[in-house]
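Below: one structure, written as structure tokens.
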Amino acid sequence: MLVEAIVWTGLVLVGPAVLRQVWSRWDARVDDRLRPALSLGRWFHSLGLPYLALITGAVAARDSGVSGRTAAEWITGAAACAAGLGLAWVVLRLYRLGGAYPGPVQAASDEPRWALYRGTGSLLADPQWGGPLIGLMLGTVEWILTRRLWTLPSWSRTGVWIDLARLAGSTVLFLFTRNLWLLILTQAGLSMIVTRSSSTPVEVKP
């Protein structure tokens, strides 16, 4: 189970970097009609791989926040997410967010990957605290690889910290909710709040 989880997690972590290198070499030779495959690949990366890890039993549904919550836990979790959105709304009324923020669908699609990282982390440490924290570390590795933060100019880009802040906030909410579905809704809701509360541009990946 642990080996399988590590394999799926590794694919999610390094897959985009490998495909980016391949695409950079073949970009000029690829017909425009094949470019939508990039979007399909992004969706498979965000949803397909975590789903395959789940249905093959590599990670536990409960540790990933997919199932196992009681009605009372749903209610308290929803209250925690609502409080988080309310706090975000207040902060965004006072401070303008710099940099592009992901749109609702794109923001929500990040959560299944982060759930996979937490599920893998829960196989390595205590699911209560250690698993989510290891998931945060794995998500940070993904953030570094995706943003190419080993190059100096990448650190100076406007809004480079937005995704890391989203990951950290998601981890905190997960500790209170243990519910992937509520976090997906929260990410989408937060994106809509950001769009309406400021002139922050919405980032749309091809």
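With the numbering used here, you'll find the sequence shown wraps up at 643, consecutive numbering, no jumps. Every residue, glycine too, gets a C-beta built ideally from N, C-alpha and C. It should be emphasised that the depicted structure is a prediction, and the values quoted were computed from it without experimental measurement.
_Can you find the residues in the same chain that come closer than 7 Å, C-beta to C-beta, to L529, ignoring five residues on each side of it along the sequence?_
I630, V631, S634 and S635
*Rounded to whole angstroms, what's the CA-CA distance from L604 to G558? Just pull it up for me.*
15 Å
*asked:* Am I right that G550 and S483 are in contact with their C-beta atoms under 8 Å? What's the rounded C-beta distance?
replied: It should be noted that the sequence gives Arg, not Gly, for residue 550. The pair is a contact, with the Cβ atoms about 6 Å apart (cut-off 8 Å).
*Give every residue of the same chain whose Cβ lies closer than 7 Å to the Cβ of A498, excluding the five residues on either side of it in the sequence, and list them in chain order.*
L491, S504 and G505
*Could you tell me whether the Cβ of F613 comes closer than 7 Å to any Cβ of chain B?*
Protein chains in the displayed structure number just one, and chain B is not present.
*Span of the alpha helix (DSSP H) around F481*: Careful: F481 lies outside any alpha helix (DSSP H) and carries neither H nor E.
*Could you check if I621 is buried or exposed, using at least 16 other CB atoms within 10 Å of its CB as the buried criterion?*
buried
*Contact check, A577 vs L601 under 8 Å by CB: the rounded distance?*
Strictly speaking, residue 577 in this sequence is Thr, with Ala absent from that position. With 8 Å as the limit, T577 and L601 qualify as a contact, their Cβ atoms being about 7 Å apart.
_Stretch pair the stretch 438-452 + the stretch 536-548: three plus CB contacts closer than 8 Å_ = no
*asked:* Can you give me the C-alpha to C-alpha distance between G536 and G556, rounded to a whole angstrom?
replied: 31 Å
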